[in-house]
Amino acid sequence: MTGALCPRRVSCSIEGATKTPLMSLARSPLIPGLIVLVAGLCLASLVVGPAPIAILTALKALVSDQGAASIVVREIRLPRTLLALMIGWVFGLSGAGLQGLLRNPLADTAVFGAPQAAAFGAVLVIYSGLIGTLSWALPFAAIAGALLSIALVVAVAGKNATIVVLVLAGLAVGSLAGAGTSLAISLSPNPFAVTEIVFWLLGSFEDRSMVHVLLAAPFILFASLLILKASSGLRALALGEETARSLGTDVARLRGLIVAGAAIGTGASVAVAGSIGFVGLVAPHLVRPFVGYDPARTLVPAGLAGAALLLAADCTVRLIPSGAEVKVGVLTALIGVPFFLWVIARRKAELVETPA
Amino acid sequence: MKRLEVRSLAVDLGPSRALQGIDLSLEPGCLTALIGPNGAGKTTLLRAMAGLVRPSAGEVALNGTPIARMPASERARAIAYLPQGGGVAWPLPVAKVVALGRLPFGERPEELPAKGREAVEAALRAVALEGFESRPATSLSGGERARMLLARALATQAPVLLADEPVAALDPRHQLIVLEVLKARARAGATVVAILHDLNLAARFADRIVLLDQGKVEVSGLPETVLTEAHLGSSFGIRARVTREEAGLLVLAQGPLPDP
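Chains as they are written, first to last, in the numbering used here: chain W, 347 to 702; chain P, 952 to 1211.
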């Protein structure tokens, strides 16, 4: 009775032990392949930079004292590597989660104005002058900003909003947060705070320490758990909210998990690395064809692809010959925005009427 | 075999009352057609029967158990619901979309147990979509997509099947195919309710017809009891001739009545 479900079955096998094409996908080398890629890029991220360090030396420097090499690798490069890994992962995961939730391939935290709002939340805290960029309050402020923006967009757009309404609402919320940030900068009595805010807003992993890693890690871990918990419900949601509910899926809980996860992940990331956009938009697209477009199975590969993208981008900015290092947030926007436009151009016919 | 009972049901949508004083008993083995003019509350009633809207008063019960008190997964195993004009967001393979009907049993589409696989295959066979298993759902024509979504609802093999306009936007041949599938489910012992706009299809396929008007049951019963010239005039506002042909009732709408 399994024949009809497994047209791609290649060899004859015992009845009942046959695999559907979907099952064989579970064994596809996508996730292991992505892990190898991410590991390779992590290594590259430890090696690439102004001070040339051989791969073997870099690895040895991680575990034993290799003099200057150890300082460079452990103090300067390892925090960058870990931050790019974590933040790329959570951006890819959030993007895939939001795209699955809204059943729309253009959804991303950036489209909701969440990074701008997270930045505004963080800027408000820095602006107060009481707290530097290395405080536990920073992620909380950024997360509050991100949560507020996503909640505002969802509230304004309503339940059955089309993607046009969502994007417009996101644009408005993002602009408002941007204006708030500009206001804080222009009113700041403290020139040091201004410089700090401006540089941090550009989005970079430069000069980050293990403190930044430790600051963001718990939040990113928590955000990942929330989003992964929602994974199986995303499948039912592919058929629309009504059908998902009739299949026993708690859609409100699903929405809460993903929105909270995306906001916490974005907030924590923005708090330690500034605004880095569009990774979450691009990553799910790269992996979706390999998982049969299953929104649940897109999550983990999208996270890994996000990590790979951000690690690669961070290596690239170190290789670009320029006086000051190009900010990684600038690079991801330069690559991500044309990609965004390309997706819109390809899907514009359906975007007109697809409810989100 | 499950009897679905609607007891003194009222539903408010926002400030307005969508349904009021609905009492119905839907029998296993019967295909019941829900008919009525636009805005009569047909979809709201079907959603209430599926447990998707909270009643303001009254209840819907399955074999005596109020569905509001059933856990979501148990309700999902007992009642399959096919919304109107649904789509699939991603180009998932057809077999996987249909396999989503097994989610209430906790069966994941990529590792269906034998029972789930059989249910999916039987559902695909019922709607004549064998051979479409690995086609992307988004590449199907309107008729194929409607049949795939019906197969998804059939795959649950729930004792109650609720379908909201399952034949809207289908060509005559596919309308007949889908209604024959629903009828066969009823004959196999399921309680089947379908919202239909085509009165002739309702007359031909339904065992019982419920005529809904302005949130109330105007009349319910056998097709010949419900589909009378008087009822069609008062509820639909049309001048119609109902004749009895060899194949069943024939409703010929002749023109709209002037606004009362």
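Backbone N, C-alpha and C fix where the C-beta goes; we use that ideal spot for every residue, glycine too.
Computed from a predicted model, the values in this text were never measured in an experiment.
Proximity test, Cβ basis, 7 Å: residue i and chain P
{"i": "E587/W", "result": "no"}
{"i": "S440/W", "result": "no"}
{"i": "G594/W", "result": "yes"}
{"i": "R591/W", "result": "yes"}
{"i": "R449/W", "result": "yes"}
{"i": "P367/W", "result": "For P367/W, the predicted model reports a pLDDT of 44, less than 50, meaning its position is unreliable; a value from the coordinates is still stated below. Yes - at least one Cβ of chain P is within 7 Å of the one on P367/W."}
{"i": "Y639/W", "result": "yes"}
{"i": "A584/W", "result": "yes"}
Buried or exposed by the 16-neighbour rule on C-beta atoms within 10 Å, applied to residue i
{"i": "E1061/P", "result": "buried"}
{"i": "G965/P", "result": "exposed"}
{"i": "T541/W", "result": "exposed"}
{"i": "S528/W", "result": "exposed"}
{"i": "G972/P", "result": "exposed"}
{"i": "P1110/P", "result": "buried"}
{"i": "M952/P", "result": "exposed"}
{"i": "S668/W", "result": "exposed"}
{"i": "G626/W", "result": "buried"}
{"i": "E1197/P", "result": "exposed"}
{"i": "G602/W", "result": "exposed"}
{"i": "F538/W", "result": "exposed"}
{"i": "T678/W", "result": "buried"}
{"i": "I622/W", "result": "buried"}
{"i": "A465/W", "result": "buried"}
{"i": "D553/W", "result": "exposed"}
{"i": "Q1205/P", "result": "exposed"}
{"i": "T744/W", "result": "With chain W covering 347 to 702 only, the question about residue 744/W has no answer from this structure."}
{"i": "I401/W", "result": "exposed"}
CB contact check: residue i to chain W, cutoff 7 Å
{"i": "P966/P", "result": "no"}
{"i": "S1185/P", "result": "no"}
{"i": "L1051/P", "result": "yes"}
{"i": "S1024/P", "result": "yes"}
{"i": "L1130/P", "result": "no"}
{"i": "G1037/P", "result": "yes"}
{"i": "L1043/P", "result": "yes"}
{"i": "L1003/P", "result": "yes"}
{"i": "A1019/P", "result": "no"}
{"i": "L996/P", "result": "no"}
{"i": "A1040/P", "result": "yes"}
{"i": "L1054/P", "result": "yes"}
{"i": "A1204/P", "result": "no"}
{"i": "A1027/P", "result": "yes"}
{"i": "P1006/P", "result": "no"}
{"i": "P1034/P", "result": "yes"}
Supposed close pair residue i, residue j - CB separation, criterion 8 Å
{"i": "A629/W", "j": "A651/W", "result": "4 Å"}
{"i": "F565/W", "j": "I610/W", "result": "5 Å"}
{"i": "A1097/P", "j": "H1125/P", "result": "7 Å"}
{"i": "A617/W", "j": "P485/W", "result": "4 Å"}
{"i": "K673/W", "j": "G549/W", "result": "6 Å"}
{"i": "V1129/P", "j": "V1118/P", "result": "5 Å"}
{"i": "G526/W", "j": "A490/W", "result": "That pair is no contact at about 13 Å."}
{"i": "G438/W", "j": "A608/W", "result": "With a Cβ gap of about 11 Å, G438/W and A608/W do not count as contacting."}
Quiz item: Is it a yes or a no for the stretch 1119-1139 of chain P touching the stretch 1169-1189 of chain P, going by three-plus beta-carbon pairs under 8 Å?
Solution: No: the two stretches stay apart, fewer than three of their Cβ pairs being nearer than 8 Å.
Quiz item: Which parts of the stretch 1095-1123 of chain P are runs of the alpha helix (DSSP H), unbroken and 4 residues or longer, counting only runs that do not cross its ends?
Solution: Annotation note: the stretch 1095-1123 of chain P contains no uninterrupted alpha helix (DSSP H) run of length 4 or greater.
Exercise. Enumerate, from N- to C-terminal direction, the unbroken beta strand (DSSP E) stretches of 3 or more residues contained entirely within the stretch 1113-1185 of chain P.
Key: Counting only runs of 3 or more, we get 1142-1146, 1159-1164 and 1167-1172.
Practice problem: Would you be able to state if there are at least three C-beta pairs under 8 Å between the stretch 551-562 of chain W and the stretch 998-1006 of chain P? | Solution: Flag = no, the stretch 998-1006 of chain P and the stretch 551-562 of chain W do not touch.
Exercise. Evaluate the contact criterion for the stretch 581-597 of chain W versus the stretch 1030-1048 of chain P: three or more CB pairs, one atom per stretch, below 8 Å.
Key: In short, these stretches touch, since the Cβ pair count reaches three.
Quiz item: Do the stretch 680-690 of chain W and the stretch 450-458 of chain W touch if we need at least three Cβ pairs shorter than 8 Å?
Solution: Short answer: they touch.
Quiz item: Per the contact definition of three or more C-beta pairs closer than 8 Å, is the stretch 514-523 of chain W in contact with the stretch 628-648 of chain W?
Solution: When C-beta atoms of the stretch 628-648 of chain W are compared with those of the stretch 514-523 of chain W, fewer than three pairs fall below 8 Å, so the two segments do not count as touching.
Quiz item: For the stretch 952-965 of chain P against the stretch 456-476 of chain W, are there 3 or more C-beta pairs whose distance is under 8 Å?
Solution: Contact between the stretch 952-965 of chain P and the stretch 456-476 of chain W is absent, because fewer than three Cβ pairs lie under 8 Å.
Quiz item: Taking the runs of the alpha helix (DSSP H) that are 4 residues or longer, which of them lie wholly in the stretch 437-480 of chain W?
Solution: Contiguous alpha helix (DSSP H) elements confined to the stretch 437-480 of chain W occur at 460-473, taking only those with 4 or more residues.
Quiz item: Quick one: any contact between the stretch 425-434 of chain W and the stretch 455-464 of chain W, if contact means 3 or more CB pairs under 8 Å?
Solution: No, the stretch 425-434 of chain W does not touch the stretch 455-464 of chain W.
Quiz item: Between the stretch 1080-1092 of chain P and the stretch 1050-1065 of chain P, do three or more beta carbon pairs fall short of 8 Å?
Solution: Taking 8 Å as the limit for Cβ pairs, the verdict is that the stretch 1050-1065 of chain P does not touch the stretch 1080-1092 of chain P.
Quiz item: Looking at C-beta atoms only, is the number of pairs between the stretch 1065-1074 of chain P and the stretch 1147-1154 of chain P that lie closer than 8 Å three or more?
Solution: Using a C-beta cut-off of 8 Å, the stretch 1065-1074 of chain P makes no contact with the stretch 1147-1154 of chain P, since fewer than three inter-stretch Cβ pairs fall below that distance.
Exercise. Count the C-beta pairs between the stretch 588-601 of chain W and the stretch 1021-1036 of chain P that are closer than 8 Å, then say yes if the count reaches three, no if not.
Key: Contact between the stretch 588-601 of chain W and the stretch 1021-1036 of chain P is present, because at least three Cβ pairs lie under 8 Å.
Self-check item: Segments assigned beta strand (DSSP E), at least 3 residues, entirely inside the stretch 528-598 of chain W
Solution: As far as the stretch 528-598 of chain W is concerned, it has no whole beta strand (DSSP E) run of at least 3 residues.
Quiz item: Are three or more beta carbon pairs between the stretch 388-400 of chain W and the stretch 420-429 of chain W nearer than 8 Å?
Solution: With the cut-off at 8 Å, the stretch 388-400 of chain W and the stretch 420-429 of chain W touch.
Practice problem: Output the residue ranges of the beta strand (DSSP E) runs that lie fully inside the stretch 953-1016 of chain P and measure 3 residues or longer, sorted by chain position. | Solution: Unbroken beta strand (DSSP E) runs of no fewer than 3 residues, entirely contained in the stretch 953-1016 of chain P, are found at 955-964, 967-977, 982-986 and 1008-1013, following chain order.
Exercise. Return the chain-ordered ranges of every alpha helix (DSSP H) run that is complete within the stretch 1053-1093 of chain P and spans a minimum of 4 residues.
Key: Here the runs fully enclosed are 1065-1077.
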